[in-house]
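Comments concern the structure below.
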Amino acid sequence: MVGFLKSLLLIALLSCAYGLNQCAKYLCKTSDQDFLPETCAYQDNITDTYYARKCSDSSYDCVSDATSSYQFNYTCKVPTPLPVNSLPGEWCKTLDDCLYSTACNDGICIGTPKGQPCTYNGQCEPGTFCSSSNVCTAQIEIGETGCLYDSQCVNNGACNITSQNDLSMNKCLKFRSFSVHDPVGHCNTGFSTLCPYIYCAEKEPYMFYCTDLFSTANGTGTQCEMNNRGDCDSNEDSFFSPAYSVEGDCTCGFNSERISYCSALPGDAPYKKYMAQLLKWVASEAIFSCNTLNRFDDNCIKTHWDKDNYNTYVYYEMQANGYQWYVNAPDCVMEAFAQNYLQAQAAATGGNDNDNGGDDSATFLVSFSILTLALISQ
Ligand SMILES: *[C@@H]1O[C@H](CO)[C@@H](O)[C@H](O)[C@H]1NC(C)=O
Ligand SMILES: *[C@@H]1O[C@H](CO)[C@@H](O)[C@H](O)[C@H]1NC(C)=O
Ligand SMILES: *[C@@H]1O[C@H](CO)[C@@H](O)[C@H](O)[C@H]1NC(C)=O
Ligand SMILES: *[C@@H]1O[C@H](CO)[C@@H](O)[C@H](O)[C@H]1NC(C)=O
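In terms of the numbering used here, the sequence shown is residues -8 to 369.
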């Protein structure tokens, strides 16, 4: 959630480029530019160029002054702490950090136990969901029938929804256990977590199948033109007719050449690393300690997975989702505008010394992911 908001800010920053199809240019501050001590960037809106440098403290955010009318300065500010909003099973310091919980015990939010009344899935303790009769009920095991939503299945499973009426036809099955071109019950906006490569498509009316693995046809992180549709297209899967393919986003990056790049698709190298780490999480015991809605949420992963795996996960996730922004970006620009990414990188690769006791979740920029979009039908 936190990450989602932060990445929207980032996207707004990158897309407010001057000129319709032109990207901004990102450079380091030059020696003849006289910045105030707290200034981290300056935007020249005549040439649409940003001049950046890092803040004196890496925990600061570099934010727009917004009030200026002609030249736009960016200033280093202490980040405003964001509310924690942990679901049952996730970390807390006090009950204020918890959503829908009755207590914060031993640093974990405590929700409604099995057998007790509920209104939302988010209230129920890990291992349970809020049933149609409004009782927190044990999640359905892999191979058993009776589900209508993914949230009703155990945390490493999803519901193969074959019928909306006869729930005995719907089975909870393991995440990503299907093969390419297997039939799948439903395909939620083109995604199914039962499919090996997440994408699915309709072949005949109301008949959905898992697709092949999609990568960017012209190579990971290929350059693209904003209004040239097709530059970021994937390979085609001709099992479907017409052949099915997907399209990455063509997005301005933090580079000095005004170049836009294609976002990574699941078959592209950065995404593969992220997927592998996600699968490791799904195969771990720790996933069962999450509330059903937050089984893939960074906040729950942070609470229950070991630190190395969590740090790797966050870094790969940001790399997979933000590849197009960071490729070929000057260091000074990364330090000003993508400090969260650099910190995740340092944490994952062992170069991070300034651990402040574990309460650093709000400083991580975690990008919006097609996975988190696609996951968990409630
Ligand atoms: C931006 O900062 C520079 C110095 O760092 C200052 O001279 C200039 O007036 C500032 N512009 C605005 C609009 O605040
Ligand atoms: C620069 O920004 C000012 C204030 O927003 C605006 O009036 C001016 O037209 C801009 N110049 C260009 C070249 O966009
Ligand atoms: C999943 O659902 C589809 C569509 O109803 C069905 O054809 C398929 O056999 C199911 N898969 C499994 C493994 O049960
Ligand atoms: C890939 O690149 C070639 C030439 O470099 C271009 O003609 C083609 O349209 C590109 N394909 C896609 C899907 O962008």
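By construction, the Cβ of each residue, glycine as well, lies at the ideal position given by its N, Cα and C atoms.
Check this for me: beta carbons of residue i and residue j, under 8 Å apart or not?
| i | j | result |
| --- | --- | --- |
| Phe205 | Ser183 | no |
| Thr283 | Phe166 | no |
| Cys127 | Cys115 | yes |
| Cys144 | Phe169 | no |
| Asn285 | Cys291 | yes |
| Asp39 | Lys16 | yes |
| Thr30 | Thr66 | yes |
| Gln315 | Tyr252 | yes |
| Thr110 | Asn125 | yes |
| His295 | Phe230 | no |
| Gln379 | Arg220 | Outside the displayed span of the chain (-8 to 369) sits residue 379, for which this structure offers no information. |
| Asn331 | Asn246 | no |
| Pro233 | Leu18 | no |
| Ile278 | Asn151 | no |
| Tyr375 | Val75 | Shown here, the chain extends from -8 to 369; a query on residue 375 therefore has no answer. |
| Leu185 | Leu158 | no |
| Cys98 | Cys83 | For the record, residue 98 in the displayed sequence is Gly; it is not Cys. Yes, the pair counts as a contact, with Cβ atoms nearer than the cut-off. |
| Tyr304 | Gln336 | no |
| Ala274 | Tyr235 | no |
| Tyr33 | Asn64 | yes |
Let's test the definition: count the other Cβ atoms within 10 Å of the Cβ of residue i and tell me whether it reaches 16, buried, or not, exposed.
| i | result |
| --- | --- |
| Pro117 | buried |
| Lys20 | buried |
| Tyr41 | buried |
| Arg44 | buried |
| Glu308 | buried |
| Gln24 | exposed |
| Met198 | exposed |
| Ala267 | exposed |
| Leu256 | buried |
| Val324 | buried |
| Asp259 | buried |
| Glu81 | buried |
| Glu326 | buried |
| Gly113 | buried |
| Lys162 | buried |
| Asn347 | Caution is warranted here: a pLDDT of 32 is assigned to Asn347, below 50, making its placement in the model unreliable, and no coordinate value can be reported. |
| Pro174 | exposed |
| Gln310 | buried |
| Lys293 | buried |
Mapping DSSP to helix, strand and coil, what is residue i?
| i | result |
| --- | --- |
| Asn347 | Because the pLDDT at Asn347 is just 32, under 50, the model does not fix this residue reliably, and the value given afterwards should be weighed accordingly. Asn347: coil per DSSP, three-state reduction. |
| Pro174 | strand |
| His295 | helix |
| Ala320 | coil |
| Tyr33 | strand |
| Asp141 | helix |
| Leu333 | helix |
| Thr85 | coil |
| Met309 | helix |
| Gly148 | strand |
| Gln155 | coil |
| Tyr314 | helix |
| Thr136 | strand |
| Met198 | strand |
| Gly181 | coil |
| Leu364 | Because the pLDDT of Leu364 is 41, which lies under 50, any placement of that residue in the model is unreliable, and the question is left without a value. |
| Asn112 | helix |
| Phe166 | coil |
| Thr40 | strand |
| Phe120 | strand |
| Tyr188 | coil |
| Glu216 | coil |
| Glu326 | helix |
Could you check how far apart the C-beta atoms of residue i and residue j are, in whole angstroms? I think they sit under 8 Å.
| i | j | result |
| --- | --- | --- |
| Thr153 | Gly181 | At roughly 19 Å, the Cβ-Cβ gap does not stay under 8 Å, so Thr153 and Gly181 are not in contact. |
| Ser77 | Cys100 | 5 Å |
| Thr207 | Cys223 | 6 Å |
| Tyr317 | Gly239 | With a Cβ gap of about 15 Å, Tyr317 and Gly239 do not count as contacting. |
Minimum length 3: unbroken beta strand (DSSP E) runs contained in the segment 226 to 300: 241 to 243, 251 to 253
In chain order, which continuous runs of the beta strand (DSSP E) of length 3 or greater are located wholly inside the segment 48 to 81? 52 to 55, 63 to 68
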